[in-house]
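Chemist: Got a structure for you, questions after.
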Amino acid sequence: MDPVVQFQNVTKAYGQAVAVDDLNLTIQAGKFVTLLGPSGCGKSTTLRMLGGFEIPNSGRILLAGKDVTRLPPNKRNVNIVFQDYALFPHMNVARNIAFGLELKGLDSSAIHKRVMELLALVQLQDYAARMPSELSGGQRQRVALMRALAPDPQVLLLDEPLSALDAKLRQQMQIELKSIQERTGKTFLFVTHDQEEALTMSDQIVVMNNGKVEQMGDPHTLYSRPQSVFVANFIGDANLLRAKVVGADAQGTALTWNGRQVGALPSAHAMKQGDSVLIVVRPEALRFLSVPSGEGFAGKIRKRVFKGNHTSMTIEVDDGSQLNALVHPGESEAISGEDVWLGWNPRAATVIRDESAAG
Amino acid sequence: MRTMLADAPRTALTMAYWGFVLYLFLPLTLMMAMSFKNAAFIAFPIGDWTFDWYLKVMQDKPFLEACAYSVLVAGLTTLAATVIGVWIAMLIATTEGRWGAVLFALACLPAVVPGMISAISLRIFISTIDMPTGTSAIVLGHTVHAVPFVVVMALTRLRSMPANLVDAARDLGADSVVAFFRVTLPYLGPAIGGGMIFCILLSIDDFVRTFFLGGYRPTLPMLIFAKVQGGMSPEINAMATLVLLVTGAVGLYAEYYTRRSRSR
Ligand SMILES: Nc1ncnc2c1ncn2[C@@H]1O[C@H](COP(=O)(O)OP(=O)(O)OP(=O)(O)O)[C@@H](O)[C@H]1O
Ligand SMILES: [Mg+2]
Chain Z
34 MDPVVQFQNV
44 TKAYGQAVAV
54 DDLNLTIQAG
64 KFVTLLGPSG
74 CGKSTTLRML
84 GGFEIPNSGR
94 ILLAGKDVTR
104 LPPNKRNVNI
114 VFQDYALFPH
124 MNVARNIAFG
134 LELKGLDSSA
144 IHKRVMELLA
154 LVQLQDYAAR
164 MPSELSGGQR
174 QRVALMRALA
184 PDPQVLLLDE
194 PLSALDAKLR
204 QQMQIELKSI
214 QERTGKTFLF
224 VTHDQEEALT
234 MSDQIVVMNN
244 GKVEQMGDPH
254 TLYSRPQSVF
264 VANFIGDANL
274 LRAKVVGADA
284 QGTALTWNGR
294 QVGALPSAHA
304 MKQGDSVLIV
314 VRPEALRFLS
324 VPSGEGFAGK
334 IRKRVFKGNH
344 TSMTIEVDDG
354 SQLNALVHPG
364 ESEAISGEDV
374 WLGWNPRAAT
384 VIRDESAAG
Chain P
276 MRTMLADAPR
286 TALTMAYWGF
296 VLYLFLPLTL
306 MMAMSFKNAA
316 FIAFPIGDWT
326 FDWYLKVMQD
336 KPFLEACAYS
346 VLVAGLTTLA
356 ATVIGVWIAM
366 LIATTEGRWG
376 AVLFALACLP
386 AVVPGMISAI
396 SLRIFISTID
406 MPTGTSAIVL
416 GHTVHAVPFV
426 VVMALTRLRS
436 MPANLVDAAR
446 DLGADSVVAF
456 FRVTLPYLGP
466 AIGGGMIFCI
476 LLSIDDFVRT
486 FFLGGYRPTL
496 PMLIFAKVQG
506 GMSPEINAMA
516 TLVLLVTGAV
526 GLYAEYYTRR
536 SRSR
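Sequence order for the protein chains is Z and P.
Each residue of the first sequence is one higher than the one before, counting from 34 in this note's numbering.
Each residue of the second sequence is one higher than the one before, counting from 276 in this note's numbering.
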């Protein structure tokens with residue numbers, strides 16, 4: 034597969050503030066790729082540089098192998114779906130969608146055909162003559178999407194397009210967006226700060242922090258094999274256990290935690306003996322053991338909260354640290370104050386560097 | 276008793292309001308009434324009513340010519356003031372910080388300079404650059420006066436325009452010129468329409484600047500002024516009534532038009 038977008042050492046600063054810091058990013062064609070990160074981490078800036086609305090201070094941006102770093106927006110074959118849709122208020126739905134096609138110089142019958150095709154894709158054929166002000170939020174969203182898809186861009190850029198919708202509609206649009214992406218086979222570069230949204234829709238997630246890429250991968254890998262505390266905490270909930278490396282081999286990293294030996298765990302980086310590390314254990318990876326065994330460890334339940342389809346427990350371990358466990362119905366009936374015996378599935382845990390200890 | 280006392284200020288206000296309305300409309304009504312008087316001088320009682328003055332006015336060649344000339348001047352003024360005004364508004368909107376405020380203040384200046392001062396300075400200016408008095412000088416003067424109104428109206432609308440509309444147009448393949456004509460200008464439409472009507476009314480109404488800058492061809496206000504100097508007659512009332520009705524209708528339409536487009 035060939036990369037459709039490449040950012041090469043791209044830096045963008047506004048005065049003293051660095052918004053995007055030496056970014057390197059390669060995006061494969063035909064994928065649903067999400068830029069995920071907290072507010073202010075540089076997601077929109079990255080998107081706007083690809084769209085041509087910001088010029089990087091340094092570095093190159095390639096689109097299908099061609100350097101577009103300094104091309105104006107109208108000279109590059111990418112289109113943006115804006116957060117507030119930015120539909121032209123004085124044009125009806127059909128004319129909004131036709132806008133990009135007219136500028137490409139298509140003749141009117143071809144334009145009409147394509148507009149109708151696109152409207153059919155989102156079941157809005159009957160709304161062609163409506164003005165944007167006469168549409169609901171979800172309908173505007175769809176029109177904005179079709180307007181951006183109409184000129185057949187190499188990459189479709191979406192900057193938090195769902196954030197203005199209510200929760201229900203948002204979920205519905207997530208599914209619809211994903212299915213449109215699959216049906217059209219287009220490359221989507223989607224921006225969000227909502228990890229759940231990212232996990233639901235993406236083929237690839239790029240986690241950004243402070244203008245840099247923290248980690249990139251498919252949702253499953255990011256969730257099960259985070260490489261930093263930031264990623265572990267940003268995507269899902271995580272228990273982070275302080276441990277020391279005693280040895281590493283092909284099976285994984287052997288550690289001591291809380292005075293006991295812990296089995297070989299997969300680790301994100303090469304570790305050596307004596308390194309301070311963190312074990313990332315997802316709440317649902319904690320297991321209740323019926324009998325004390327060498328593998329497990331003791332804990333006391335401090336809090337138990339019923340959440341409907343699962344129960345959330347806070348468990349205190351003998352070194353004083355607190356763990357969160359997500360318990361499925363029938364798994365454990367232990368009540369608050371009870372002593373339990375716990376273990377975790379070694380394959381569901383991962384070892385990362387303890388950046389705070391490394392100093 | 277208490278309610279009556281409490282209502283007293285309100286009653287006084289209401290009466291003052293109606294008094295003001297009377298004061299506003301009585302002279303106009305008198306003027307209109309006299310235009311129907313079947314006699315050559317203006318005084319009560321009206322006695323015989325007639326339409327003859329209107330028929331006479333409608334066949335009065337100087338009057339019709341003055342009308343046409345006023346419309347021509349207003350048209351040219353509107354054209355020039357709209358183009359310049361929108362252009363300045365765009366410039367101000369895209370100029371950041373203090374310079375934007377300075378530009379705005381400069382652009383508004385002509386609206387607050389007293390008409391007399393403006394007229395005299397323009398007169399001196401055109402004779403300095405050897406421009407003859409006449410149509411182009413009048414249009415120049417009217418335009419200077421009208422531009423600030425267009426700027427303010429266009430700028431107000433521009434400020435309410437979502438910034439990413441132009442971005443969206445650029446993104447879809449429009450260069451900045453196409454984006455301006457296909458997105459910004461239509462968005463400004465209602466404001467420009469309102470501004471144009473304002474220009475027309477300002478120009479037709481303008482007497483002082485026209486007086487100083489005009490040549491031999493009189494505009495409507497100049498013609499009426501000349502006639503008044505020759506003595507009042509119901510004919511002048513008929514002319515004035517016609518002017519009032521037409522400009523009033525245009526003004527009301529402008530009000531209706533801007534309201535309707537604002538509610539969209
Ligand atoms: N035009 C600008 N001028 C100055 N600073 C800017 C500008 N645009 C963005 N920044 C700064 O650059 C940084 C990155 O901004 P950006 O909009 O890319 O963040 P983001 O990841 O999209 O955040 P959000 O999720 O809140 O939209 C922020 O610290 C922001 O304050
Ligand atoms: Mg953003």
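Built from N, CA and C at the ideal position, the CB exists for glycine as well.
As the structure is a prediction and not an experimental result, all values here were calculated from the model.
(1) So is Tyr462/P buried or exposed if we call it buried at 16+ other beta carbons inside 10 Å?
(2) Hey, could you find the ends of the alpha helix (DSSP H) Ser345/Z is sitting in?
(3) Are Arg128/Z and Ala183/Z close, meaning C-beta to C-beta below 8 Å?
(4) Grouping DSSP H, G and I as helix and E and B as strand, with all else coil, what is Ser508/P?
(5) Could you spell out where the beta strand (DSSP E) holding Gln205/Z opens and where it closes?
(6) Where does the unbroken beta strand (DSSP E) through Gln306/Z begin, and where does it stop?
(7) Does His123/Z come within less than 8 Å of chain P when only Cβ atoms are used?
(8) When DSSP labels each residue in this structure, what does Gln116/Z get in the three-state scheme?
(9) Measure the Cβ-Cβ separation of Pro122/Z and Pro186/Z and say whether it is below 8 Å.
(10) Shorter than 7 Å, the distance from the beta carbon of Lys45/Z to the closest heavy atom of ligand 2, or not?
(11) Does the beta carbon of Asn107/Z come closer than 8 Å to any beta carbon on chain P?
(12) Buried or exposed for Gly392/Z, going by 16 or more other Cβ atoms inside 10 Å?
(13) Any idea what DSSP makes of Ile385/Z, helix, strand or coil?
(14) With a Cβ-Cβ cutoff of 8 Å, do Ala429/P and Val361/P count as a contact?
(15) So which residues on chain Z does Leu397/P lean against when the C-beta distance must stay under 7 Å?
(16) Checking 8 Å against the spacing of the C-beta atoms, do Val314/Z and Asn342/Z come in under that value?
(17) Cutting at 6 Å between CB atoms, please list the residues of its own chain near Ser91/Z, excluding the five before and the five after it.
(18) Classify Pro325/Z as buried or exposed, calling it buried when 16 or more other Cβ atoms lie within 10 Å of its own Cβ.
(19) List the residues of chain A whose Cβ lies closer than 8 Å to the Cβ of Pro184/Z, in chain order.
(20) Just to be sure I understand the criterion: a residue counts if its Cβ is closer than 7 Å to at least one heavy atom of ligand 2. Which residues meet that?
(21) What does the alpha-carbon distance come out to for the pair Trp293/P and Leu299/P?
(22) Spell out a yes or no on whether the stretch 414-427 of chain P and the stretch 477-488 of chain P are touching, meaning 3 or more CB-CB pairs, one atom from each, closer than 8 Å.
(23) With a threshold of 16 other CB atoms inside 10 Å of the CB of Leu375/Z, please say whether the residue is buried or exposed.
(24) Is Tyr47/Z helix, strand or coil by DSSP?
Modeler: Straight from the coordinates:
(1) buried
(2) Residue range Thr344 to Val350 is occupied by the beta strand (DSSP E) that includes Ser345/Z, with no alpha helix (DSSP H) assigned at that position.
(3) For the 8 Å CB-CB criterion, Arg128/Z and Ala183/Z do not form a contact.
(4) It is coil, neither helix nor strand.
(5) Segment Ala200 to Thr217 is the alpha helix (DSSP H) holding Gln205/Z; no beta strand (DSSP E) there.
(6) Premise fails: Gln306/Z is in no beta strand (DSSP E) and is neither H nor E.
(7) yes
(8) coil
(9) No, they are not a contact pair.
(10) no
(11) yes
(12) With a pLDDT of only 43 at Gly392/Z, under 50, the local geometry of the prediction cannot be trusted, and no value is derived from it.
(13) strand
(14) yes
(15) Under the 7 Å cutoff, chain Z gives no residues; its nearest Cβ is about 38 Å from Leu397/P.
(16) no
(17) Same-chain partners within the cutoff: Thr44.
(18) exposed
(19) Checking the listed chains, one finds no chain A in this structure; the protein chains it contains are Z and P.
(20) Lys76/Z, Ser77/Z, Asp192/Z, Glu193/Z and Val224/Z
(21) 10 Å
(22) yes
(23) buried
(24) In the structure shown, Tyr47/Z sits in a strand (DSSP, three-state: E or B).
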